[in-house]
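Take a look at the structure set out below.
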Ligand code: SF4
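Chains as they are written, first to last, in our numbering: chain A, 1 to 154; chain B, 1 to 436.
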């Protein structure tokens, strides 16, 4: 992002003023620079192959790499491949999902701590996480066993 | 508990509203996960449970998925005009144009065919016979050597359910399961409890054989090898297992002892074998290793295929009376294709241009070899094709029979509507268009 001016950003956008992000491209460029929008908020940039390179550049500059300022679980969405190891090694999730015990993904009606939703680790039942329950033994299973190194407890 | 101290709001689960479909089958890799729950709104998936990111990319996604780079669909049939632009044409014109090119070809080269239904594969093989075409199945670099090895060597396999219940030693040879079949390890091979492995990954010994360290190392021990010594390492390990030798090379000690102590060994093999000098010899060696293990304990050898119906294509060849291990028309590695003047390339559900070497692409261009792409999704091949025929996406917009990596038949359901014909319909129309 360093050194990028609004026109540099604008040049990487589709420049069609299609309004799918809710504004014209120039306004979207300023919104990106001000941290009020993310490249993913521009549908043509994400969907159209011709913008792939520009999208990559903008993601490099403005994308969410999973960094978090406050303490908490950080998920790097670029690294997670949805393999589900995090859910499969979470003892509490296994207690709450018979399907998970049987080697399947948990079902809608179940409430494991972790589920794979939309291709990514998703915290479905945060209140049951051992990191949250007072006096529960410390647990790092999901973070320790994620082979993609997509998870960290900050 | 401070509100949200651990979990950020955006990482929490928010249920989408819409029409639910439960237990859909994922047309991603050869695991064919059958536990996919979808929520559909306006003909698009707005929420998907349990699919990995590779599976996710197979479904047409609604606006909630803006953050995922989406794969664009082929919308209309088109042919390339002299300036290289894609001109929209009707389906009828597209079929006529394709059959004219196929008839005029000196040789038809087919590619792909591992990401479609069994019936479409049978139709493609019928077309292949009519045209006396050669075929490079997209999983050919793994499965052609696999079927060749099985022709002359005895071999043991098992279902993935048996692997899950019984295997306590698991070896991935030439495959990174996290990339080829991301949920294989959670559903069947490592992180799931079985009769012999009540403590899941803790009860199992897991190894991967690869010239390079990769993310499988997060839960598996590497069998160190190089491209040059891979076959030697394999035959040393086989000797050790066969002879119960006590002089075990240090690097093979852990795996040899794990095999020795295990009642059931699962050996998964992947496309990585194709990057060695003699993939056939390596595949033969892997079958020998599995046989050596089988002499005193159970062992299952399974190809970890990343195209969901790759096994189906080889079964379709057999059903059509073509020997995948002996018929010269059935090829293996696409990179061995040598373009020749008069070729026509017919690609069904595949992206060979992405795989081709620079030299192959240059030859294709200089010889002006027409490329006909039958595809649901846009890719480098549809971009470069002389003719594009869009089809419904198998397993998402079209139903049909398919075979899991262990040969178990699974019915792919249709979850979304499509304006496009199925690839079965297109392949049947192409054969009909050839006339008598
Ligand atoms: S592991 Fe394979 S079949 Fe299962 S969700 Fe992923 S791509 Fe689909």
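A virtual CB, placed ideally from N, CA and C, is assigned to each residue, including glycine.
Taking only three categories from DSSP, how would you classify residue i?
i: residue 299 (chain B); result: strand
i: residue 402 (chain B); result: strand
i: residue 93 (chain B); result: helix
i: residue 93 (chain A); result: helix
i: residue 152 (chain A); result: strand
i: residue 66 (chain A); result: With a pLDDT of only 42 at residue 66 (chain A), under 50, the local geometry of the prediction cannot be trusted, and the value read off the model is given with reservation. In this structure, residue 66 (chain A) counts as coil in the three-state DSSP scheme.
i: residue 21 (chain A); result: coil
i: residue 139 (chain A); result: coil
i: residue 314 (chain B); result: helix
i: residue 41 (chain B); result: strand
i: residue 71 (chain A); result: Its pLDDT being 31, under 50, residue 71 (chain A) is placed unreliably in this model, and the value from its coordinates should be taken loosely. Here residue 71 (chain A) sits in coil by DSSP.
i: residue 122 (chain A); result: strand
i: residue 191 (chain B); result: coil
i: residue 151 (chain B); result: helix
i: residue 371 (chain B); result: strand
i: residue 4 (chain B); result: Interpretation of residue 4 (chain B) is limited by its pLDDT of 46, a score under 50 that renders its predicted location unreliable; no figure is taken from the coordinates.
i: residue 352 (chain B); result: helix
i: residue 408 (chain B); result: coil
Following the continuous alpha helix (DSSP H) through residue i, name the residue where it begins and the one where it ends.
i: residue 321 (chain B); result: That residue, residue 321 (chain B), is in no alpha helix (DSSP H); it is neither H nor E in DSSP.
i: residue 233 (chain B); result: 230–243
i: residue 136 (chain B); result: Here residue 136 (chain B) belongs to no alpha helix (DSSP H); instead the beta strand (DSSP E) covers 134–137.
i: residue 124 (chain B); result: 118–131
i: residue 381 (chain B); result: 380–384
i: residue 264 (chain B); result: Looking at the DSSP string, residue 264 (chain B) is not in any alpha helix (DSSP H); the run it does join, the beta strand (DSSP E), is 264–269.
i: residue 252 (chain B); result: 250–261
i: residue 223 (chain B); result: No alpha helix (DSSP H) holds residue 223 (chain B); the beta strand (DSSP E) holding it covers 221–224.
In chain order, what residues of the same chain lie with their CB nearer than 8 Å to the CB of residue i, ignoring the 5 residues before and after it?
i: residue 67 (chain A); result: With a pLDDT of 38 at residue 67 (chain A), under the threshold of 50, the predicted position of this residue should be treated as unreliable, and no value is reported.
i: residue 167 (chain B); result: 189, 194, 196, 197, 204, 262, 264, 265, 266, 300
i: residue 221 (chain B); result: 205, 206, 207, 208, 254, 255
i: residue 114 (chain A); result: 86, 87, 90, 93, 121, 122, 123, 124, 142
i: residue 23 (chain B); result: 34, 35, 36, 37
i: residue 242 (chain B); result: 292, 295
In terms of alpha-carbon separation, which member of the options lies closest to residue i?
i: residue 76 (chain B); options: B:429, B:427, B:418, B:428; result: B:418
i: residue 112 (chain B); options: B:104, B:121, B:106, B:105; result: B:121
i: residue 122 (chain A); options: A:4, A:46, A:86; result: A:86
i: residue 268 (chain B); options: B:208, B:427, B:374; result: B:208
i: residue 18 (chain B); options: B:211, B:31, B:37; result: B:37
i: residue 160 (chain B); options: B:304, B:339, B:352, B:391; result: B:304
i: residue 58 (chain A); options: A:31, A:136, A:142, A:112; result: A:31
i: residue 174 (chain B); options: B:423, B:324, B:358, B:301; result: B:301
i: residue 99 (chain A); options: B:20, B:107, B:34, B:128; result: B:34
i: residue 50 (chain B); options: A:5, A:9, A:11, A:110; result: A:110
i: residue 126 (chain B); options: B:331, B:259, B:318, B:139; result: B:318
i: residue 97 (chain B); options: B:421, B:384, B:370, B:383; result: B:370
i: residue 135 (chain B); options: B:124, B:292, B:142; result: B:124
i: residue 415 (chain B); options: B:16, B:43, B:314, B:164; result: B:43
i: residue 144 (chain B); options: B:324, B:388, B:356; result: B:324
i: residue 238 (chain B); options: B:215, B:283, B:217, B:423; result: B:283
i: residue 216 (chain B); options: B:183, B:240, B:236; result: B:183
i: residue 4 (chain A); options: A:18, A:60, A:16, A:129; result: A:60
Beta-carbon within less than 7 Å of residue i's beta-carbon, same chain only, minus the 5 sequence neighbours each way: which residues are those?
i: residue 132 (chain A); result: 126
i: residue 412 (chain B); result: 25, 27, 117, 394, 395, 399, 400, 402
i: residue 29 (chain A); result: 6, 9, 10, 13
i: residue 99 (chain B); result: 430, 433, 434
Applying the 10 Å Cβ sphere with the 16-neighbour rule, what's the burial state of residue i?
i: residue 154 (chain B); result: exposed
i: residue 202 (chain B); result: exposed
i: residue 232 (chain B); result: exposed
i: residue 55 (chain A); result: buried
i: residue 212 (chain B); result: exposed
i: residue 382 (chain B); result: buried
i: residue 53 (chain A); result: exposed
i: residue 65 (chain A); result: Its pLDDT being 48, under 50, residue 65 (chain A) is placed unreliably by the model, and the measurement read from it follows with that caveat. Exposed, since its Cβ has fewer than 16 Cβ neighbours within 10 Å.
i: residue 69 (chain A); result: In this predicted model, residue 69 (chain A) has a pLDDT of only 28, less than 50, meaning its place in the structure is not dependable; the value taken from the coordinates is given anyway. Flag for residue 69 (chain A) reads exposed.
i: residue 187 (chain B); result: buried
i: residue 340 (chain B); result: exposed
i: residue 367 (chain B); result: exposed
Taking residue i as part of the beta strand (DSSP E), name the residues at either end of that continuous run.
i: residue 205 (chain B); result: 205–210
i: residue 347 (chain B); result: 343–348
i: residue 358 (chain B); result: Residue 358 (chain B) -> not in any beta strand (DSSP E); alpha helix (DSSP H) instead, spanning 358–366.
i: residue 110 (chain B); result: 107–112
i: residue 59 (chain B); result: Element bounds for residue 59 (chain B): n/a, residue is neither H nor E.
i: residue 22 (chain B); result: 19–24
i: residue 78 (chain B); result: 78–80
Below 6 Å CB to CB, which residues in the same chain sit around residue i once its five sequence neighbours on both sides are set aside?
i: residue 119 (chain A); result: 82
i: residue 91 (chain B); result: 77
Measuring only between beta-carbons, confirm whether residue i sits less than 8 Å from chain C.
i: residue 216 (chain B); result: This model lacks chain C altogether; the protein chains it does include are A and B.
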